[in-house]
Amino acid sequence: MPRFSDTEKEMIREKLLREGERLFVAHGVKKVTVDDLVQAAGIAKGSFYAFYTNKEHLYMDIIEQCQMKLWQELDDFLADHKDLRPQELTKRSFGRMLEGVKEYPILVKTDSAVMSYLQRKLPQDVLDAHGFEDSKALVKLQEYGVQFAYELPVVAKAFQALYVAIAYLQQEEADHAVVVNLLLDSLIEQIVRASYDD
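With the numbering used here applied, the sequence shown corresponds to residues 81 to 278, in that order.
Rendered as structure tokens:
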């Protein structure tokens, strides 16, 4: 396999991310093959493995890229709304993030079945790194004074479970906004301290 310059590596990586997202959104992670990815990116199969251990690793990288964009949007939102009470700030922040997820079709398609599949296919170190990423939004909230009643890993898992429930509800034809609001209010009431003094 030829050596790539740093510029070439970045170009190949960007093309894999772009083409991977397009293919995964169109066909799903299970149906897309490494052959499909390398053909779309215009690279050799061996070159793919210089960047990723498998297609699921690429999928996870794409998800993390989308999440990073969401976190930047969250940071901007928090800066503009830092005067809100902790529970309201948390609710509006996560409401904003849930709306933001809709802008990234790959995140919408990443339901509990896909996550379960990824957990079976990915190396533990990749999964561990992604678990840490899920806490970034919570750390940002803490930076703005929000105090949680539980440790961050517990809070992160609670919000992940809420996201899975919301993804399921969105598949229903009935109006699910009331149920989503009820779930979000109930969760926030339990995990966010009511004031900055608590």
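Beta carbons: idealized from backbone N, C-alpha and C, even for Gly.
| Asked | Found |
| --- | --- |
| Beta-carbon spacing of E136, K216 below 7 Å | no |
| Length of the line joining the Cα atoms of E269 and V112 | 41 Å |
| Limits of the alpha helix (DSSP H) - the one that N261 falls within | A257 to I271 |
| Separation of L178 from N134, as counted between CA atoms | 29 Å |
| Bridge-paired residues (DSSP) for F104 | None, per the DSSP bridge assignment. |
| Contact under 7 Å by Cβ, V235 with L218 | yes |
| Helix, strand or coil at F228 according to DSSP, with G and I counted as helix | strand |
| C-beta atoms of V259 and L249 nearer than 7 Å | yes |
| Alpha-carbon spacing of V226 relative to R273, whole angstroms | 7 Å |
| Per-residue DSSP class, three states only, for F157 | helix |
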